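Chains as they are written, first to last, in the numbering used here: chain A, 28 to 154; chain B, 67 to 860. In what follows, a single structure is set out as structure tokens and then discussed.
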Amino acid sequence: MMPEQCNHAGIAIVDDDVQLVRTYELLFKHKHIPVSFVAYDGLEAIEKLRKAEPKPRVIIIDYRMEPMSGLDLMKEVLAIEPRTKIIFVSGDDRIQQESVDAGAAVFLKKPTGIRTITDTVNHLMNP
Amino acid sequence: MGVMLGSLRTKVIVLFLLAMILPIVIVGTAGTIYYRDVVRQTISSNEQAQAQTLALLTSSYIDGAVSFLDNQSARPEFQDALMVGNVPRISTSLATISNSTLVYNWVYVIDSSGRVVSSSTYPNVVGENLSSNPMISQLLVNDTNIVGDPVYSNVTGKPEIFVGTSVLSPNGTIVGVLVGALDTDYYTQTITEAKSSIPDTVFYVVNSTGSVLVDKNTSYMNDIADFSSVPPVQMMLAGKESGVAEYYNPVENTTRLGAFAQIPKYHWGVVIAVPVSALYAPVDNVILPFISFIALLSLLAVGVAYFFGRSLADPILAISSASNKIMDDDKYSKLLPTGRKDEIGDLARSFSDMVDRVKRDIVERKKEAEAREQLMVQLEEKTVDLKKSYEELEVKSEELAAQTEEIECANEELRCTNDELQNLTGSLRETRDYLEKLIDNANAPIIVWDPNFIITRFNHAFERLSGFTAYEIIGKNFSILFPSDSREETMNKIQKTLKGEQWESVEIPILHKSGGVSIVLWNSANIYAEDKSLLATIAQGQDITRRKQAEKELEDSKYQAELYLDLMGHDISNMHQIVMTQLELSRDILNIEGRLEGEDRELIDTSITTLERASRLIDNVRKLQKLSSHEYSLEAVDLSALVKDALDQYSIIPDRDIAIKFSQDGKRMVRANALLKDVFGNLADNAVKHSSGPLTLAVNINKVSHDSKSYYRVAFEDNGHGIPDDKKEEIFQRFKRGQTKARGTGLGLYLVKTLVEGFGGYVEVENRVLEDYTKGARFLIYLPVLEENDAGTM
């Protein structure tokens, strides 16, 4: 099934760990998944999301960020682009239920294997 | 004095009245009714005869009017003038006709074409064509005369009754019509001469439809009023020739007797209506004198009845009154009619004699009774005096005995009290000495202060606590023992003890002589005098300075631990994610490029596996931390389902041949939570780590009893390297490692034990094959069975 042609493409990465963001970029480049933008905190992510054309179809969001938490960022993103699919990642699985209730499509507990990551992203980009 | 209806006098008077007046009233009423009926019959007959007379009179009057017009039309000069159309002659003739009679108001002539040729009174009708008028057209065709119904005339502006007759030529042909308008006023005047002698009588003439032709009330004539609904008119219209009918006239609000008679020749009728009240006037005129006569007769009867009533009843009533006042000699004798010379006088005299005899008898009996009563009173007085004297003697005797006994008891009590006082004084002295020693030497600091906060006692323990001696402190104000920064708050707390509040574990800082501060936990109690006034307050303390420091250090440690755990949960997880992703990515890239050799792959795979173990270690630490902070609650869970979920995750492990034997047959409810799954996950993980080659995991669940409690026992077997006997105890301890080929932290089995004990169970481990630990291990997990009743109360 081809992805929906509605100005949504690629994936965005939001995490305050620069090395982890770079690692995700290398992974998606290797797996031929286009990266729409990367951001290192919530406010930067919202700004880039508003400007991005086409909009990313999937956004990976880390839970622990300052000044805006991953949960608050996710609510803002879904308010701007309700069709965006959110992959919520954290090393603490206590917030799994809370993130899903708030609208996350998938919760991944760190560390997660690249196969799980790429399968999840592909599934969300090509439902 | 009111009238007594049941009295003899009233009855006699009523009887006389009835006997005298009742026959007169009955005869008078019957006569009146009969006379009224006779009068009504007579007047009805008279009125009916008068109506018939008026009918005949009216018929004759109209006949005369028609004959007069016929005669005038037959006059030759009139016929000739009409034939040749000589209008002046016609007009002259009409003037003659009109002036020669009072029957007609005015007359006019119509020629053979139906056109008005001439009029005696109203010239404006001349020239008008009336050939379409039914009466005129009929008279122009047939030689006859016609009396018409009343019609409203535009010429005169009022209803008219026209009479018409054909005018013939000498050879007998009709050359015109002569018409006359009847003068109804004249007719009415004529009829009125024959009116009834009864005042307010009305009469009227109606035609065949009930419309008024003639009425003394001209407004009915002018309106040609419809009287067809009036009962006498209705009877005429129904065909009755004559008769009478009584009816109510709502316009006048009177009831009338209407007599009627038909005029057959002209299909008219005459009605004479008399007010019913006028009919009965003669009868009413007779009734008034009759009633006056009856009233006079009644008064006479009352007088006669009263006289006879008094004569008969009063003597009897006098005897009755005398009997009621028999004890009053004067009134009684005056009331009795003893002077009468008849039978009533005899009765009164006999009654008087009898009363005199009875009175004498009563006087004698009264005197005897009074004498008896006096004797009884004297006897009772004597008896009472005797009784009093006896009772006084008895009381005096008892008092003497009691006083003697009391004196003896008082002596004995005095002796006992003296002994007790001596003993009590000794005991009190001993108790005071003992308490003083107890307070002075107690390990706990004790202090006593009076209501003015002046310290009165200060034991050795307090001396050690504060650095002050009792000599330095006693007599000083309590406040010197508190640091300046908390002195006010502490004194407020102490103030409350004066109001009766007792301290139960109140923390108060105490100032040390050296300047240091100790935290002391205090209990206090007030000491009251017999009159409830406050004597002093005693307080006992416990130095908790070290405990408070330890609590603070523990809180800090807990905070640090949570901080480290949080760091592990986030930052180390991030690091793991980076390393794991990069290792896996490197492995993929090298594999695709064909540059990954056997030992290189092993190096990368081992690194990834180590990362996974580190991640699990962090998970276990976090779960242990949650357990210690009681973050998990207990609930009813299905043990079988959790075991299956845990084992399913180990059914496929890359590069390992793992067989799982477990049959999930039915629910087995225990009281636990989702962490129970980690118990079996850690056991499976442990088996995988401590085995090489094909691995079999066999799990079965049984219900067993132990110490009268029911448990589910989960037997978890593996065919791994096994656990030596001397290590079986250690593997469940924290940071201990079993002696196996694989390396591990051992925290997983510690978590298993901690979790199971948290769920109220326990864990055992044994060899899978008896006395050969190398064949694998069998872990036995015991969890209390949750009965249905227990589940309902959770």
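Cβ atoms here follow ideal geometry from the backbone N, Cα and C, with glycine treated the same way. What you are looking at is a predicted structure, and each value in this text was computed from that prediction instead of being measured.
Which stretch, first to last residue, makes up the alpha helix (DSSP H) that contains residue i?
i: B:T470; result: E409 to N507
i: A:H55; result: In the sequence under discussion, the amino acid at residue 55 of chain A is Phe, which differs from the His named in the question. First-last of the alpha helix (DSSP H) with A:F55: V45 to H57.
i: B:D704; result: Here B:D704 belongs to no alpha helix (DSSP H); instead the beta strand (DSSP E) covers E701 to D704.
i: B:T762; result: It is not in any alpha helix (DSSP H) - B:T762 instead sits in the beta strand (DSSP E) that spans L761 to H772.
i: B:G824; result: L813 to G824
i: B:P297; result: P297 to L303
i: B:P341; result: Where B:P341 is concerned, there is no enclosing alpha helix (DSSP H), although the beta strand (DSSP E) it sits in stretches over W334 to P341.
i: B:N211; result: Element bounds for B:N211: not the alpha helix (DSSP H) but the beta strand (DSSP E), N211 to V213.
Does DSSP put residue i in a helix, a strand or coil?
i: B:L323; result: strand
i: B:D292; result: strand
i: B:K807; result: The predicted position of B:K807 is uncertain, since its pLDDT is 37 and thus under 50; no value can be drawn from it.
i: B:E837; result: coil
i: A:M29; result: Low per-residue confidence applies at A:M29: pLDDT is 36, beneath 50, and the placement is therefore not dependable enough to give any value.
i: B:Y398; result: helix
i: B:M735; result: strand
i: B:S580; result: coil
i: B:F374; result: helix
i: B:P225; result: strand
i: B:R661; result: coil
i: B:V831; result: strand
i: B:A680; result: helix
i: B:K802; result: Unreliable positioning characterises B:K802 in this predicted model, as indicated by a pLDDT of 43, which lies under 50. A coordinate reading is not provided.
i: B:N283; result: coil
i: B:E570; result: strand
i: B:Y170; result: strand
i: A:M95; result: coil
i: B:K727; result: strand
i: B:Y252; result: helix
i: B:I128; result: helix
i: B:A247; result: strand
What first and last residue would you give for the beta strand (DSSP E) that runs through residue i?
i: B:Y625; result: Here B:Y625 belongs to no beta strand (DSSP E); instead the alpha helix (DSSP H) covers T611 to L633.
i: B:H696; result: Careful: B:H696 lies outside any beta strand (DSSP E) and carries neither H nor E.
i: B:E783; result: K775 to D784
Distance, Cα to Cα, residue i vs residue j?
i: B:Q440; j: B:A414; result: 40 Å
i: B:I176; j: B:D289; result: 28 Å
i: B:I360; j: B:I87; result: 8 Å
i: B:T483; j: B:N477; result: 10 Å
i: B:G786; j: A:I38; result: 45 Å
i: B:H772; j: B:A725; result: 32 Å
i: B:S416; j: B:K425; result: 15 Å
i: B:S493; j: B:N525; result: 23 Å
i: B:G246; j: B:M302; result: 28 Å
i: B:T124; j: B:P298; result: 18 Å
i: B:E409; j: B:Q444; result: 54 Å
i: B:Q805; j: A:K78; result: Confidence at B:Q805 is low in this model, with a pLDDT of 41, below 50, so the placement of that residue should be treated as unreliable; the coordinate-derived value is given next. One C-alpha to the other measures close to 60 Å.
i: B:T284; j: B:L168; result: 19 Å
i: B:S599; j: B:I574; result: 26 Å
i: B:V80; j: B:F374; result: 11 Å
i: B:K77; j: B:T267; result: 53 Å
i: B:G411; j: B:G405; result: 6 Å
Is the distance from the Cβ of residue i to the Cβ of residue j below 8 Å?
i: B:Y716; j: B:L763; result: yes
i: B:E576; j: B:K542; result: Looking at the sequence itself, residue 576 of chain B is Ile, so the reference to Glu does not match. No; because the gap between Cβ atoms is not below 8 Å, this pair is not in contact.
i: B:K733; j: B:D711; result: no
i: A:T50; j: B:I644; result: yes
i: B:S584; j: B:D609; result: yes
i: B:P265; j: B:A371; result: no
i: B:A931; j: B:G607; result: Because chain B is modelled from 67 through 860, residue 931 of chain B falls outside the range shown and cannot be assessed.
i: B:Y170; j: B:V182; result: no
Examine the ligand GDP and report whether any of its heavy atoms sits within less than 7 Å of the Cβ of residue i.
i: B:D666; result: Among the ligands in the structure shown, none appear at all, so the ligand GDP cannot be discussed.
Subject >> Near-chain A residues of the segment 669-692 of chain B (beta-carbon distance less than 7 Å), N- to C-terminal order >> reply: Of all residues in the segment 669-692 of chain B, only L677 and S681 come within less than 7 Å of chain A when Cβ atoms are compared, listed by chain position.
**OP:** For the segment 107-139 of chain A, enumerate the residues whose C-beta is nearer than 9 Å to any C-beta of chain B, in chain order.
**Re:** Only those residues of the segment 107-139 of chain A whose C-beta falls short of 9 Å from the nearest C-beta of chain B are listed: V116, S117, G118, D119, D120, R121, K136, K137, P138 and T139.
**OP:** Please name the residues in the segment 34-61 of chain A whose beta-carbon is closer than 7 Å to at least one beta-carbon of chain B, in chain order.
**Re:** For the segment 34-61 of chain A, which is checked against every Cβ of chain B, the residues closer than 7 Å are D44, Q46, L47, T50, L53, L54 and H57.
Subject >> Residues of the segment 598-629 of chain B whose Cβ lies closer than 8 Å to any Cβ of chain A, in chain order >> reply: The segment 598-629 of chain B vs chain A, Cβ under 8 Å: nothing.
**OP:** Check each residue of the segment 639-651 of chain B: if its Cβ is closer than 7 Å to any Cβ of chain A, include it; give the result in chain order.
**Re:** Only those residues of the segment 639-651 of chain B whose C-beta falls short of 7 Å from the nearest C-beta of chain A are listed: S639, N640, H642, Q643, I644, M646, T647, Q648, E650 and L651.
**OP:** Anything in the segment 80-107 of chain A with a Cβ closer than 9 Å to a Cβ of chain B? List those residues in chain order, please.
**Re:** Those would be D89, Y90 and R91, in chain order.
Subject >> Within 8 Å of chain B by C-beta, residues of the segment 139-152 of chain A in sequence order >> reply: Within the segment 139-152 of chain A, the qualifying residues are T139, G140, I141, R142 and I144.
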